Each structure stands twice: as structure tokens, then as C-alpha cells.
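Our numbering runs 31 ahead of the 1-based position in the sequence shown.
Reviewing the structure listed below.
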Amino acid sequence: MKRLLTLTLFLGLAWGQVTAENKKGDMEKNERMGWWREARFGMFIHWGLYAIPAGEWEGNTNHAEWIRTTAQIPINEYDKFVDEFNPPKFNADEWVRMARNAGMKYIVITSKHHDGFNLFDSQYTDYDIMSTPFKRDIMEELANACRKYGLKICWYYSIMDWHHPDYLPRRGWENRSPEGADLERYIVYMKNQLKELVQNYGDIGVLWFDGEWEETWTHRYGKELYNYVRSLQPSIIINNRVDIGRAGMQGLTRGGEYAGDFGTPEQEIPPTGIPGIDWETCMTMNNHWGYNKNDDNWKSPKDLIQKLADIASKGGNFLLNVGPTAEGLFPQPSINRLAAIGKWMKTNSEAIYGTQASPFKHLSWGRCTQKSIKGGTRLYLHVFSWPANGRLVVPGVYSRPDRAFLLSDPTGELIVHREEDALIINTPDVAPNPINSVVVLDLVGNLDVNDPPMISAENDIFIDETNVSITSVRENIIIRYTLDGSMPSLKSPIVDGPILLTNTARVSARVFRDGKPVSESIHTEYTKVVPNPDVKLNGIAQGLKYSYYEGSWDQLPDFNKLEIVATGIASNFDIFFREQNDYFGFQYEGFILLPEDGIYSFYTDSDDGSRLYIDGTMVVENDGLHGMNEEKGTIALRSGYHPIRVTFFEKGGGNQLKVSYKGPNIEKQNIPPNILFYKKEKTFNEYEFR
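Here it is, written out as C-alpha cells:
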């Protein structure tokens with residue numbers, strides 16, 4: 032008993048120590064993330080040798096910062112740009128002033144991009160700014176200008192390096208031999224450079240890593256690098272790309288213990304807020320990060336301003352990119368857009384800085400950000416579509432309104448009244464701003480917003496029956512529902528558990544409190560389907576037919592119109608039959624054997640694009656240029672054999688394809704080789720369906 036008490040006491044003390052350490056870690060992170068969460072808006076700058084060709088090489092005009100790889104420029108040819116880099120019009124003060132006037136609070140610039148060239152003075156390489164005719168430390172000038180104008184300076188640094196002799200792997204198209212290369216030696220070089228960047232330029236806000244997706248970079252390397260940089264400056268913020276595990280352009284690290292302080296969605300905005308996770312959307316103003324003189328596909332000022340509000344309303348930061356010219360100038364369209372954003376921010380920045388995510392899941396007229404104020408909560412209503420009838424409807428608010436006014440006219444007053452679950456704000460006939468007018472609504476006490484309930488089921492299709500769950504996180508409420516799509520009322524049934532569906536239904540649900548509706552109604556369709564029949568097969572063998580192609584594509588090509596480089600039989604969706612690391616594609620064809628009737632989900636997780644077809648129908652659409660990205664599709668199938676086809680292409684960067692499935696009594700898993708088959712004699716169109 033004494034031993035048991037001693038063990039219990041020890042475990043209690045140990046758990047207490049772990050809990051205390053976790054709390055201390057959370058407090059430290061909150062402290063160093065404070066300025067970043069307050070800022071909400073920053074500038075990304077992609078600049079380097081690639082600005083000289085300006086996106087064009089041998090008649091192709093669709094290149095930018097990746098031009099050395101996308102144009103397959105030999106290293107000795109690319110290195111000639113070092114002698115040409117001499118930006119006569121670069122002015123750090125002007126760059127920083129434009130960022131500040133746009134309302135941005137920090138700047139992240141490419142100290143070293145994938146091509147390995149350094150925009151700073153490094154004692155560990157001659158492949159840097161001091162070897163150019165310019166011979167000025169650009170990072171030093173920008174760091175000084177940022178401090179002068181009150182912005183945080185932050186460094187982008189690429190783990191991947193196409194120039195350094197020790198970085199592995201090599202590009203598939205290069206003639207450089209990897210013999211004698213030592214990745215561990217490269218990591219020492221990288222750490223030495225990072226020490227320069229962190230210690231030679233004063234306080235640094237963020238180290239923004241990239242290029243972590245190649246197979247040579249591991250979780251151990253990422254964790255060690257994160258800890259190393261934090262040891263140099265404990266207050267520094269580091270993004271999740273220091274480590275592996277990022278889910279493609281979605282930018283958020285998949286499950287597991289990975290290093291990094293915030294997620295990095297690229298060129299997209301997460302569809303919903305992500306409570307408890309810091310994230311930052313990085314995005315271009317046109318189609319390229321680096322300067323491309325032929326790219327005129329610019330996002331409008333309206334689009335960018337509304338994207339800023341959308342991101343803030345979901346609890347994220349917006350890192351908006353500029354790609355300067357070889358002369359050192361921001362392109363004029365970028366300048367124009369920065370000025371337009373700055374004009375809007377001059378009036379409305381209070382609705383962005385230091386705000387938290389919206390309490391609403393959906394607002395038909397725009398977005399919402401919020402802040403805590405003395406005695407209650409302040410909602411900033413970003414109105415994209417100004418109400419023509421003078422009634423701005425704010426749904427599901429149970430809190431008592433205190434005051435409403437236009438942010439552009441803080442001394443004015445707008446009348447507010449309640450109608451059932453909504454607060455109605457009387458608005459002027461004309462919007463103060465045609466892009467985004469901010470209406471401020473102050474509420475008394477704790478925020479009480481009754482969002483519509485959540486409706487969920489395993490799938491939105493079913494064969495015989497399915498259970499639908501309707502839930503809400505709100506307290507002291509009743510949920511009522513209908514199955515014909517009509518608006519739930521006080522006469523509608525009350526949700527008291529899962530709802531069994533045996534026929535197609537449009538499930539609608541609404542929250543009630545004290546006999547009154549206090550949320551909007553939400554609707555979800557569930558469809559009863561007949562499963563696809565299987566096919567009769569004879570003389571089959573395990574495996575899949577594959578066709579291999581080579582080429583450069585930005586999306587999946589029509590493989591039927593391309594010349595086949597090689598064909599063969601693979602045991603599964605194996606891309607290691609390729610003859611190069613980039614610029615290739617595969618098409619796999621065969622049959623999958625399913626054990627029982629049911630709803631099956633299929634997934635492709637790929638870098639770059641992929642699609643999956645069952646019975647000739649596209650089930651998974653995962654096309655486009657991206658890092659590892661998973662998409663899902665669902666289909667009803669009979670037991671037996673079904674034609675399956677998967678297409679995949681890889682342009683640059685990482686190269687990986689995973690194909691998985693889930694079904695009745697089958698947990699999600701990679702499709703096993705023992706259920707994949709091929710038949711030589713016939714094509715898919717000749718098979719008879721039962």
C-alpha cells in the first residue's frame with residue numbers, strides 16, 4: 032500500500048509538472064504570437080535573380096520564381112544572372128512606406144528562394160548579393176526601414192536549394208551528379224545562414240520556411256531546425272513549413288506532433304474558421320509570386336479588400352504578395368492595389384487589427400469580425416451587399432443590443448430592433464463604401480449567438496437507410512426539424528436523438544428558445560440511391576495496367592492524345608516506374624473487387640493533380656498544381672468487380688500519389704494490391720454490366 036501511495040503521489044506530481052509545463056508553453060506562445068495576431072495583414076515579397084528574365088525563357092512566358100526548374104536552365108547559365116542583378120531603383124524606404132500605407136504591419140521577404148541565391152550578405156557563400164554589381168545588403172536596408180516605420184521585418188528562407196552542391200535530391204532533368212553530396216553538411220550551412228539572419232539584423236518577427244516537401248527532409252530535421260532557430264531568438268515565430276506534414280495548398284499540418292507556430296494556406300482561404308489554430312493565407316495579386324512581365328491577370332481591389340475581411344472573419348492573417356521588377360520597383364498594378372486597400376484601411380482598420388473570428392457560420396450579406404469591449408462584445412459587420420430595403424438583418428443574436436453605428440461615422444447612431452431570432456439595423460440608402468461598408472454593433476454582456484444546428488451523417492447518399500444527427504453547441508435550446516424542406520416551427524418534431532431515414536429527404540433544422548426561433552433554418556439533402564452493378568470477368572490477374580507519359584502540364588492533360596512513353600503492369604498505384612523526378616504523368620486502369628454492397632468513399636492524395644474514376648464516372652476530382660492534397664468522393668456500389676481508373680501528373684517539387692478507400696466494415700486505408708485486377712483482352716467499354 033505504501034508503495035502504491037508513493038507511486039500515486041509520484042504520478043500526480045509528474046502529471047502536475049507536465050500540466051504546468053504545457054501551460055507555461057501556451058503562455059510563452061501566446062506572448063510571442065501577440066503582435067502577429069494583432070497585425071492580421073502583412074506583405075510578402077518574392078524577389079531575386081528570377082526577376083531578370085521576368086518570367087520569359089525561349090518564348091515561353093509562364094515562368095516566375097521557379098524559372099530555373101520550369102525552364103530547365105542549366106546552373107552555369109542561370110548563374111550569369113548574378114552579374115546582371117543591379118536594381119538601380121530599389122529604395123527600401125519606399126517599399127516599406129507602401130506596405131505601411133496599405134495598412135500592413137509586417138513584411139516577409141525571400142532572403143533565399145529555391146534557386147539558392149541570397150539577398151543578404153552571407154559569409155558562408157559567394158552566391159549572394161555582395162557578388163552582384165549592386166553590392167548592397169538588401170536585407171539590412173529593409174530591416175532598418177521597417178524599424179523606422181514601425182513594421183516587423185520577417186525572413187522567408189527556402190530549405191530546398193537548387194544551387195548548393197550538398198543539397199539533395201537533384202532535379203531530375205539536371206546533369207549534375209549527386210556523387211559526393213552530403214545533406215548533413217548542407218544542413219550545417221543552412222543553420223549558419225539562419226544564425227546570420229536572426230542575429231545580424233536586430234529583432235526578427237517571423238522565419239517563414241518553405242521547400243520542405245522533398246523526401247530528404249524529415250520530421251527529425253524539422254523539429255531540430257525549429258528548436259535551433261528558437262534558441263537563437265526565443266520570441267521568434269516560425270511557420271509550419273519548417274517541418275513535414277503540410278496538407279498541400281491547404282497549408283495546415285496533418286495530425287501528429289509537428290513543429291511550427293502557424294499554418295500556411297497558399298492561394299486559398301479555409302472555408303471555415305479553425306478554432307485554436309493560428310493560420311495565415313499567403314496569396315498573389317496576379318498568377319505569379321515572382322515578377323512576370325506578361326501576367327496581367329490581376330485580382331481587383333474589391334476582391335482583395337473582401338478577401339482581407341473574409342480571412343480576418345475566420346481568425347486568420349493575410350500575407351499579400353508583391354513581385355518587384357529587376358529594377359527594384361513594385362509593378363504599377365501592385366502599387367494601385369496597395370493604395371486602394373490603404374484607402375479602405377484608413378477608415379476601417381479597426382475592424383481588422385486585433386479582431387477575432389466571426390461568431391456566425393454564414394452571413395448572406397458579408398462577413399463579421401469581433402472584439403471584446405468593456406461590458407460586452409463589439410461586432411464589426413463587413414457588408415459586401417448593401418441592403419436595398421434599409422434593413423441589415425443580423426441572424427441568431429440573442430444578446431441585447433447597446434448601440435449601432437457606421438465605422439465611417441462613429442458619432443452617428445443607427446436604430447436597432449429585434450424580430451424573432453434576428454437584430455435588424457436600419458441602414459442609410461447609400462453604402463458608405465461600395466466594396467465593404469463596416470457597421471458596428473455593440474452587444475451587452477456575454478455574446479450569445481445561436482447559429483443554426485449542425486446536420487450530419489456518414490454520407491449524403493444511402494442505399495437502404497441512414498442515421499442523421501442534428502446537434503448544437505448552444506445551451507438552453509430545443510432543436511426542431513422537418514424532412515420535407517419546410518421551415519421548422521413550434522409544431523415540428525423535437526430532435527431527441529439520431530433520425531432514421533429510409534427515403535430521400537431534405538432535412539431542415541432550427542434552434543428554438545423560450546418558445547421562439549433563435550436561429551436561421553439549415554437544410555441538407557440525403558438521397559436514397561441504387562448501387563452501381565458489378566461486371567462479369569473471366570481470366571483476370573492481380574495488378575493494374577499503367578501508361579507512363581512525359582511532359583509539362585499545369586493540370587491533368589488528355590492522356591489519350593499524348594504519346595505513351597512506357598506501359599506495364601503495376602501491383603498498385605506505384606509512380607516509381609517513372610524515368611524522371613518531374614514532368615511526368617501516369618494513367619492506371621483495371622478493376623477493384625468489393626466485398627459487399629454499400630457506400631464506398633475513395634480518396635486521392637497527390638502532388639500534383641489526380642482523378643479517380645469508378646465505372647467510368649469521375650468520383651474524385653483532385654486536379655491542379657499543389658503540394659500533397661487529399662480529396663474525397665463517394666459512390667454506391669454492388670459487391671463484385673468494378674472498373675477503376677486513376678490519372679496523375681507531376682510538374683515540380685514533391686512527387687507522391689496515395690489512393691485509399693473506405694467502405695462497409697472497412698476503415699480508411701490504402702487500396703490493397705490483392706483487390707486490384709486487370710484483364711488484357713477487352714477495353715472497359717466492352718464489359719457487360721449485370
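Ideal Cβ positions, reconstructed from N, Cα and C, are used throughout, including at glycine.
Fair warning: this is a prediction, and the values are worked out from it, not measured in the lab.
### Query
Is Asn660 helix, strand or coil by DSSP?
Per DSSP, reduced to three states, the secondary structure at Asn660 is strand.
### Task
Taking only the alpha-carbon atoms, compute the straight-line gap between Gln224 and Asn107 and give it to the nearest angstrom.
In this model, Gln224 and Asn107 are separated by some 23 angstroms (Cα to Cα).
### Query
Touching or not, the stretch 188-208 and the stretch 122-137, by the rule of three or more beta carbon pairs under 8 angstroms?
With a cut-off of 8 angstroms on Cβ pairs, the stretch 188-208 is not in contact with the stretch 122-137, counting fewer than three such pairs.
### Task
Tell me whether Leu521 sits in a helix, a strand or coil according to DSSP, three-state version.
coil
### Message
For Asn563, list the residues DSSP reports as bridge partners.
### Response
Under DSSP, Asn563 shares a beta bridge with Leu668.
### Query
Just reading off the beta strand (DSSP E) that Pro301 is part of, what are its end residues?
Run containing Pro301: none; DSSP gives neither H nor E here.
### Query
Does the Cβ of Arg71 have 16 or more other Cβ atoms within 10 Å, making it buried, or fewer, making it exposed?
buried
### Task
Less than 8 angstroms between the CB atoms is what I'm expecting for Leu268 and Met485, so what's the real figure, rounded?
Before going further, note that residue 268 is Ile rather than Leu in the sequence given. Actually they do not touch by this definition, with Cβ atoms about 33 angstroms apart.
### Task
Identify, in the order they occur along the chain, each residue of the same chain with its Cβ nearer than 7 angstroms to the Cβ of Gly43, setting aside the five sequence neighbours on each side.
With a pLDDT of 48 at Gly43, under the threshold of 50, the predicted position of this residue should be treated as unreliable, though the coordinate-derived value follows. Once the five neighbours on either side are set aside, Gly43 has no close Cβ partner at all.
### Message
Please classify Met376 as buried or exposed, where buried requires at least 16 neighbouring CB atoms within 10 angstroms.
### Response
buried
### Task
Return the CA-CA distance between Glu444 and Leu437, expressed in angstroms with no decimal places.
8 angstroms
#### Entry: Pairwise C-alpha distance: His393 and Ile76
Their Cα atoms are separated by approximately 33 angstroms.
#### Entry: Sub-8 angstroms separation of Val650 and Leu656 beta-carbons
no
### Task
Throw me the rounded Cβ distance for the Asn270 and Gly73 pair, which I believe falls under 8 angstroms.
In fact, because the Cβ distance is near 12 angstroms, the residues do not count as touching under 8 angstroms.
### Task
Closer than 6 angstroms by C-beta to Leu770: which residues in its own chain qualify, once you throw out the five before and the five after it? Chain order, please.
This structure cannot settle anything about residue 770, because the visible part of the chain is limited to 32 through 721.
### Query
Quick one, are the C-beta atoms of Asp628 and Ile494 less than 8 angstroms apart?
yes
### Query
Can you tell which of Gly616, Pro562 and Asp565 has its C-alpha closest to the C-alpha of Asp585?
Gly616
### Segments assigned beta strand (DSSP E), at least 3 residues, entirely inside the stretch 94-169
The qualifying runs are 137-143.
#### Entry: Ser578: first and last residue of the uninterrupted beta strand (DSSP E) it sits in
Leu575 to Glu581
### Query
Near Glu52, which residues of its chain fall below 7 angstroms by C-beta distance, leaving aside the five closest residues on each side in sequence?
Confidence at Glu52 is low in this model, with a pLDDT of 49, below 50, so the placement of that residue is unreliable and no value is reported for it.
### Task
Please classify Tyr252: does DSSP put it in a helix, a strand, or coil?
helix
#### Entry: Cα-Cα separation, Tyr109 to Tyr672
If I take the Cα positions, the gap works out to 52 angstroms.
### Message
Would you call the stretch 277-294 in contact with the stretch 314-331, where contact means no fewer than 3 C-beta pairs closer than 8 angstroms?
### Response
Counting Cβ pairs under 8 angstroms, fewer than three are found: no touch.
### Message
Using DSSP's beta-bridge definition, name the partner residues of His554.
### Response
According to DSSP, which records beta bridges pairwise, His554 is partnered with Ser539.
### Message
For Arg251, count the other beta carbons within 10 Å of its own beta carbon; 16 or more makes it buried, fewer makes it exposed. Which is it?
### Response
Burial state of Arg251 is exposed, judged by a 10 Å Cβ sphere holding fewer than 16 other Cβ atoms.
### Message
Quick check: what's the CA-CA separation for Ser500 versus Gly528?
### Response
7 angstroms
### Message
Once DSSP output is grouped into helix, strand and coil, what is the label at Glu627?
### Response
coil
#### Entry: Gln281 burial status per 10 Å Cβ neighbour count (16 or more: buried)
buried
### Query
So, are the CB atoms of Leu474 and Arg431 less than 8 angstroms apart?
yes
#### Entry: Rounded Cβ spacing between Asn612 and Asn686 (contact assumed at less than 8 angstroms)
About 6 angstroms; that satisfies the 8 angstroms criterion.
### Message
Let's see if you can read the secondary structure: which residues bound the alpha helix (DSSP H) around Asp241?
### Response
Looking at the DSSP string, Asp241 is not in any alpha helix (DSSP H); the run it does join, the beta strand (DSSP E), is Val237 to Asp241.
### Query
Taking Cβ positions, are Glu577 and Tyr634 nearer each other than 8 angstroms?
Before going further, note that residue 577 is Tyr rather than Glu in the sequence given. In this structure, Tyr634 does not lie closer than 8 angstroms to Tyr577 by Cβ.
### Message
Under DSSP, the beta strand (DSSP E) around Gln687 begins and ends at which residues?
### Response
Gln687 to Gly694
### Query
Taking 8 angstroms as the CB-CB cut-off, is Met74 touching chain B?
Absent from the structure: chain B. Only one protein chain is present.
### Task
Could you tell me the boundaries of the beta strand (DSSP E) in which Lys699 lies?
Per DSSP, Lys699 belongs to the beta strand (DSSP E) from Ile697 to Asn701.
### Query
So what does DSSP say about Met191, is it helix, strand or coil?
coil
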